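Colleague: Following this message is one structure expressed as structure tokens.
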Amino acid sequence: MEKKNIPTEKTMDKMEQILKKIEDERTVTLEELRTAGFILVVDKDFGRMINRPHLKKLKSSLKKYGCIEPVSIFFGAEYFEAYPERELTGFNDGEKKYTRDSPEVPATILVADGVHRAQAHTELLSEDETYKHPLKFRHVESDLPIDDWIRIRNTNNRNWDSKDCSRYIAAQTGYEKSNLTTAVKWQEELKLGEKYAYTILNLSDTYKKKMLSEYMEAPDKGLPMVLKGVEENIDRGERILHAFRVCWRDIPKMVRNSASINMFIEVYNACGDSMKEAVVNLLVLFFTTLDRTDAENAAGEKGNDEKVRLLKGFWDKFSKDIEDETLKADYEKKACEAEEEFDDLSGEKEEATVSEAVPAKKKNDKYHGKAIYQPSGKAEEYSEWACNFYNGCSNQCSYCYLQKGRNAKIYTSVPTLQKGFKDEEDAINRFRKEMLRNLPELMKHGLFFSFTTDPLLPETMGLTAKAVRICMENGVNVRLLTKRADFVEPFFGLLSAKEGYDEELYKKHVAFGFTLTGHDELEGNSSPNLERIKTMKELHDRGYRTFVSAEPVIDPASSLQVIKETLDFCDLYMVGLLSSEKDYGKADVRNLVDELQKLPRKPKIYLKDSVVKMLELDRKTLPDNFVGSDYNMFN
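Numbered per our numbering, the sequence shown spans residues 1 to 635.
Listed below in structure tokens is the structure:
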């Protein structure tokens, strides 16, 4: 920025220092700006007028928590480049106006966002000499034109403050005092999706009218923009609202009560932007697990201030508890139980309103979560419980069943996160919840990774490592099946990155499996069979259980050969046939089984149903080392 027309030489050095600091560090305090001689200005065309009750609340919040977030600023000269016809108003002197021709322009700093907090802070300083919290200002990135920045800010792409949260919740609960009923009205009248109506509601009047007019002129094109920030915030709103419903399931009126909303807002706004998502997750856990007696006590208070006070007290205890990993796990388990109870209650209510008879859910129906599920069909004999985070695989094996039939619709040559997850963080959060919900069964049967991808690809192992760590925390056995040989160093690096890593625990609960066919030419980008065998021996020597998936059998002779080569370091063999056309017949498979029965040291072998059915075998007549699908290699 060109440094000229600075008011006096006396202030020049200080101003230069502040300008340099802004350029280098992007943050200064109100006191620094004032001392250096800068003039704070605002644009009254944007934002609403500040009222006294609002200022009172802001001052109380600032005094209690200090400055929560920086205030965004622009240089006055930059502002007038974008809006040469506009007029700026002095922050401290509402009568003083500045235009692009004012000589003071180089000294003006536009308060672009956070005017309310800045004024509350200024008044607090004049009223209370003991108030010491600095109000920090952040310069908006200069590569973003100010008019674009204002448009983005006014469409709420950057922040989600208490106003937006309470608006969303109010709209969802039908809270009569909220003007958010407008959003619902727009949804009905204009046939707008929920996120579009919410997006428009957060716009300034100017942009609101502009977007609505554009939409009405060409509704088939949809709205001009869909903002990621708004979508994320709607998700947060939905999650916390659902937590309220679980918390107050026996006291429905409390879902609409502003006490829980206000308590949530206080905690949410007291943390920085980088912590907001984590805090929302903890608040969801808090409300979902709030003790029934505590909930009833809070609901029984006459005034909302008292309700908030009690809730904050419960939150403080909760915050201390979750510092202990064991207690945190207990809360997470309790949350799953509360969710289950809530789902059951909701299901009962739905059934009560249905006039036609609906078949009851069978007790033996399999569990099918987004991350963890109970396989059926051919996959079931491989594992009773499995986890699929991704669809698709970069190994590119020509015989892969995922590339055929109905699976071909979801198969990709690069692993992609399953559609049920928003992102990897959502996937691992869902995994943790589903694990705790099914923990007794998972501790009994273990968990298999994975039927729809290779869990140890570079693209997938990050999420796999996080999931395996959660399994270790809960004593769940894990089997990982791969065609890779190059994962050991990076995968164990991910596992050991977390404090408290104990490899002995992993040796007790983790088994590594390798698909071995003896036919590299059919297995695309997979590691060669010999390299897989080498890695398998390395892991077995290191103390881990290992198993071989000799499936599909491309030709019986090759499968028998890889089995013989791994006898000294394999704890279980699983043998299955090709699901499609084969180049071998019944006699070849019979010979393979005969040879398997002759192997020295009697290794544990599971013949899959495809082999048993072809040869019409009776499993009861097989030698003792031929195990069933329920064999637990960890015992």
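Every residue gets a Cβ at the ideal spot worked out from N, C-alpha and C, and that includes glycine.
The model shown is predicted, which means the values in this text are computed figures rather than measured ones.
In terms of alpha-carbon separation, which member of Lys483, Asp502, Leu447 lies closest to Pro632?
Modeller: Here residue 632 refers to the residue found at position 632 when the sequence shown is read from its first residue. According to the sequence shown, residue 632 is Asn rather than Pro. Considering only alpha carbons, the answer is Leu447.
Colleague: Three-state secondary structure (DSSP) at Asp128?
Modeller: On the sequence shown, position 128 is the one that residue 128 refers to. Reduced to three states, the DSSP call for Asp128 is coil.
Colleague: Do you know how far the Cα of Phe451 is from the Cα of Ser526?
Modeller: The residue you call residue 526 lines up with position 526 of the sequence shown. The residue you call residue 451 lines up with position 451 of the sequence shown. It is roughly 16 Å from the alpha-carbon of Ser526 to the alpha-carbon of Phe451.
Colleague: Could you tell me the boundaries of the alpha helix (DSSP H) in which Glu496 lies?
Modeller: Here the question's residue 496 lines up with position 496 in the sequence shown. Residue identity check: residue 496 is Ser in the sequence provided, not Glu. For Ser496, the enclosing alpha helix (DSSP H) starts and ends at 488–496.
Colleague: Quick check on Leu180: buried or exposed, where buried means 16 or more other Cβ atoms within 10 Å of its Cβ?
Modeller: As a working mapping, residue 180 is identified with position 180 in the sequence shown. Here the model assigns Leu180 a pLDDT of 44, short of 50, so the residue's position is not dependable, and the following value carries that caveat. With 16 or more Cβ atoms within 10 Å of its Cβ, Leu180 is classed as buried.
Colleague: How would you write the range of the alpha helix (DSSP H) that Arg601 sits in, first residue to last?
Modeller: Stepping through the sequence shown from its first residue, residue 601 is reached at position 601. Neither: Arg601 is in no alpha helix (DSSP H) and is coded neither H nor E.
Colleague: Buried or exposed: Tyr367, going by 16 or more other Cβ atoms within 10 Å of its Cβ?
Modeller: Position 367 of the sequence shown, counting from 1, holds the residue named residue 367. Tyr367 is exposed by the Cβ-count criterion.
Colleague: Just list the alpha helix (DSSP H) runs in the region 486–565, keeping only unbroken ones of 4 residues or longer that don't cross its boundaries, in chain order.
Modeller: 488–496, 503–509, 529–542, 556–565
Colleague: Go to Leu310, then tell me how far its alpha helix (DSSP H) extends in each direction, as first and last residue.
Modeller: The count along the sequence shown starts at 1 and reaches residue 310 at position 310. It spans 304–321 - the alpha helix (DSSP H) in which Leu310 sits, taken as one unbroken run.
Colleague: Within the chosen definition, does the region 114–132 reach the region 94–105 through at least 3 CB pairs nearer than 8 Å?
Modeller: no
Colleague: Thinking C-alpha only, which one of Arg432, Glu459, Phe431, Gly420 is nearest Ser394?
Modeller: The sequence position of residue 394 within the sequence shown is 394, counting from 1. The option with the nearest alpha carbon to Ser394 is Glu459.
Colleague: Could you check the C-alpha separation between Asp609 and Gly524 for me, to the nearest Å?
Modeller: Taking the sequence shown and counting its residues from 1, the one referred to as residue 609 is at position 609. Taking the sequence shown and counting its residues from 1, the one referred to as residue 524 is at position 524. Computed Cα separation, rounded: 27 Å.
Colleague: Excluding sequence positions up to five away, which residues of its chain have a Cβ less than 6 Å from the Cβ of Thr288?
Modeller: The residue you call residue 288 lines up with position 288 of the sequence shown. Taken in chain order, the residues that qualify are Ala243, Val246, Ala335, Ala338.
Colleague: Helix, strand or coil for Asp568, going by three-state DSSP, please let me know.
Modeller: Residue numbering aside, residue 568 sits at position 568 when the sequence shown is read from its first letter. In this structure, Asp568 counts as helix in the three-state DSSP scheme.
Colleague: Looking at C-alpha atoms only, which residue of Lys328, Gly303, Phe264, Lys333 is the closest neighbour of Lys312?
Modeller: What you label residue 312 is simply residue 312 of the sequence shown in a count that begins at 1. The residue with the shortest Cα to Cα distance from Lys312 is Phe264.
Colleague: According to the neighbour-count rule (16 or more other Cβ atoms, all chains shown, within 10 Å of its Cβ), is Ala278 buried or exposed?
Modeller: As a first step, residue 278 must be located in the sequence shown, where it is residue number 278. Exposed, since its Cβ has fewer than 16 Cβ neighbours within 10 Å.
Colleague: Just confirm the distance between the C-beta atoms of Arg437 and Glu341, as a whole number of angstroms; I'd bet it's less than 8 Å.
Modeller: Translated into positions along the sequence shown, residue 437 becomes position 437. Translated into positions along the sequence shown, residue 341 becomes position 341. At roughly 12 Å, the Cβ-Cβ gap does not stay under 8 Å, so Arg437 and Glu341 are not in contact.
Colleague: Does DSSP put Lys276 in a helix, in a strand, or in coil?
Modeller: Locating residue 276 in the sequence shown gives position 276, where the first residue counts as 1. Helix, per DSSP.
Colleague: Straight-line CA distance for Asp520 to Val476?
Modeller: Against the sequence shown, residue 520 aligns to sequence position 520. Against the sequence shown, residue 476 aligns to sequence position 476. For Asp520 and Val476, the distance between alpha carbons rounds to 33 Å.
Colleague: Secondary structure at Cys400, three-state DSSP: helix, strand or coil?
Modeller: Along the sequence shown, one-based indexing puts residue 400 at 400. Coil at Cys400, not helix or strand.
Colleague: By the DSSP assignment, the alpha helix (DSSP H) with Arg34 in it spans what residues?
Modeller: Within the sequence shown, the letter at position 34 stands for residue 34. Looking at the DSSP string, the run of the alpha helix (DSSP H) that includes Arg34 is 30–36.
Colleague: The ligand NAP heavy atoms versus the CB of Asp594: any closer than 7 Å?
Modeller: The ligand NAP is absent from the structure shown, which contains no ligand whatsoever.
Colleague: Can you find the residues in the same chain that come closer than 6 Å, C-beta to C-beta, to Ala485, ignoring five residues on each side of it along the sequence?
Modeller: Within the sequence shown, the letter at position 485 stands for residue 485. Closer than 6 Å at Cβ, skipping near neighbours: Ser527, Glu531, Arg532, Thr535.
Colleague: State the Cα-Cα distance for the pair Asn159 and Glu266, rounded to the nearest angstrom.
Modeller: Taking the sequence shown and counting its residues from 1, one reaches residue 159 at position 159. Taking the sequence shown and counting its residues from 1, one reaches residue 266 at position 266. Confidence in Asn159 is poor, its pLDDT being 33 and thus under 50, which makes the residue's placement too unreliable to answer from.
Colleague: Name the one or two DSSP bridge partners that Thr108 has.
Modeller: For this step, residue 108 is matched to residue 108 along the sequence shown. Note: Thr108 sits in a beta bridge opposite Ile39.
Colleague: Taking the alpha carbon of Thr453 as the point to measure from, which residue in Thr464, Gly500, Val575 has its own alpha carbon closest?
Modeller: Sequence index remark: in the sequence shown, residue 453 carries index 453 (1-based). Comparing Cα-Cα distances from Thr453 to each of Thr464, Gly500, Val575, the minimum goes to Thr464.
Colleague: Using CA coordinates, which residue listed in Leu417, Glu503, Glu381 is at the minimum distance from Lys370?
Modeller: Looking up residue 370 in the sequence shown gives position 370. With distances taken between Cα atoms, Lys370 lies closest to Leu417.
Colleague: Is the beta carbon of Val478 less than 8 Å from the beta carbon of Phe449?
Modeller: Walking along the sequence shown from the start, residue 478 turns up at place 478. Walking along the sequence shown from the start, residue 449 turns up at place 449. In contact: Val478 and Phe449 (Cβ atoms closer than 8 Å).
Colleague: At the level of alpha carbons, what is the spacing between Leu607 and Phe318?
Modeller: Indexing the sequence shown from 1 puts residue 607 at position 607. Indexing the sequence shown from 1 puts residue 318 at position 318. The straight-line gap from Cα to Cα measures roughly 51 Å.
Colleague: Measure the alpha-carbon distance for Lys21 versus Leu62 and round it to whole angstroms.
Modeller: Looking up residue 21 in the sequence shown gives position 21. Looking up residue 62 in the sequence shown gives position 62. The straight-line gap from Cα to Cα measures roughly 25 Å.
Colleague: Is Met574 helix, strand or coil by DSSP?
Modeller: Walking along the sequence shown from the start, residue 574 turns up at place 574. The answer is strand: DSSP assigns Met574 an E or B state.
Colleague: Quick check: what's the CA-CA separation for Ser72 versus Thr27?
Modeller: Stepping through the sequence shown from its first residue, residue 72 is reached at position 72. Stepping through the sequence shown from its first residue, residue 27 is reached at position 27. Rounded to whole angstroms, Ser72 to Thr27 spans 9 Å at the Cα level.
Colleague: Taking just the CA atoms, how far does Pro455 sit from Arg590?
Modeller: Here the question's residue 590 lines up with position 590 in the sequence shown. Here the question's residue 455 lines up with position 455 in the sequence shown. Approximately 33 Å, taken between the alpha carbons.
Colleague: Do Thr108 and Leu135 have their C-beta atoms within less than 8 Å of each other?
Modeller: By 1-based counting over the sequence shown, the position of residue 108 is 108. By 1-based counting over the sequence shown, the position of residue 135 is 135. Against a cut-off of 8 Å, the Cβ pair of Leu135 and Thr108 comes out as no contact.
Colleague: Would you please state the rounded distance, in angstroms, between the beta carbons of Glu595 and Leu560? I believe it to be under 8 Å.
Modeller: Numbered from its first residue, the sequence shown carries residue 595 at position 595. Numbered from its first residue, the sequence shown carries residue 560 at position 560. That belief holds up - the Cβ atoms of Glu595 and Leu560 are roughly 5 Å apart, short of 8 Å.
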